[in-house]
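Numbering (the working numbering), first residue to last: 623 to 783. Structure record follows, encoded as structure tokens.
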């Protein structure tokens, strides 16, 4: 779940800004590194940054003595890059940015300060991530006995050595 800080505007927030092409290369590098240490693609999920509520985030910036340092249109570009990299790498992606903005819904309540997820936003993320996790794990074989088949008086005898 990278991109919200990377998409900061270069002229206003150069410390956090990562150019879009470098951001995409970095995501590819993360995927390649995970693969190199034995974590295959089907065990990875990339999550795009959420959308940005510019007016709420601008208030936060002003309160900290700065001016608006991100735009939702730019965040959307970083989210799209994340989706593209995930597809190229064969990795599942949760496009939080698009999901929160579907059907012109008011996504602002998903953000506590315009940038970071609120409780409602975390619940939204959890709901969509859980569905993806269920999809990824529903066909996994059961390698241990079902709890009802475990001898509660001698559990060790129920597990193969």
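Even for Gly, the Cβ is constructed at its ideal location relative to N, Cα and C.
Counted within 10 angstroms of its Cβ, other Cβ atoms place residue i as buried (16 or more) or exposed
i           : result
residue 769 : exposed
residue 766 : exposed
residue 737 : buried
residue 762 : exposed
residue 749 : exposed
Euclidean distance between Cα positions of residue i and residue j
i           : j           : result
residue 706 : residue 654 : 15 Å
residue 641 : residue 719 : 19 Å
residue 775 : residue 745 : 40 Å
residue 740 : residue 648 : 27 Å
residue 678 : residue 753 : 30 Å
residue 661 : residue 638 : 28 Å
Same chain, Cβ closer than 7 Å to residue i, five either side skipped, listed in chain order
i           : result
residue 645 : 625, 628, 700, 703
residue 772 : 780
residue 711 : 650, 653, 663
Close-in-space but distant-in-sequence residues of the same chain around residue i (CB under 6 Å, 5 per side omitted)
i           : result
residue 668 : 704, 708, 713, 715
Cβ shell of residue i (< 8 Å), same chain only, five flanking positions each side left out
i           : result
residue 742 : 731, 732
residue 682 : 735, 736, 737
Residue i and residue j closer than 8 Å at C-beta
i           : j           : result
residue 722 : residue 673 : yes
residue 691 : residue 630 : yes
residue 693 : residue 680 : no
residue 686 : residue 634 : no
residue 717 : residue 670 : yes
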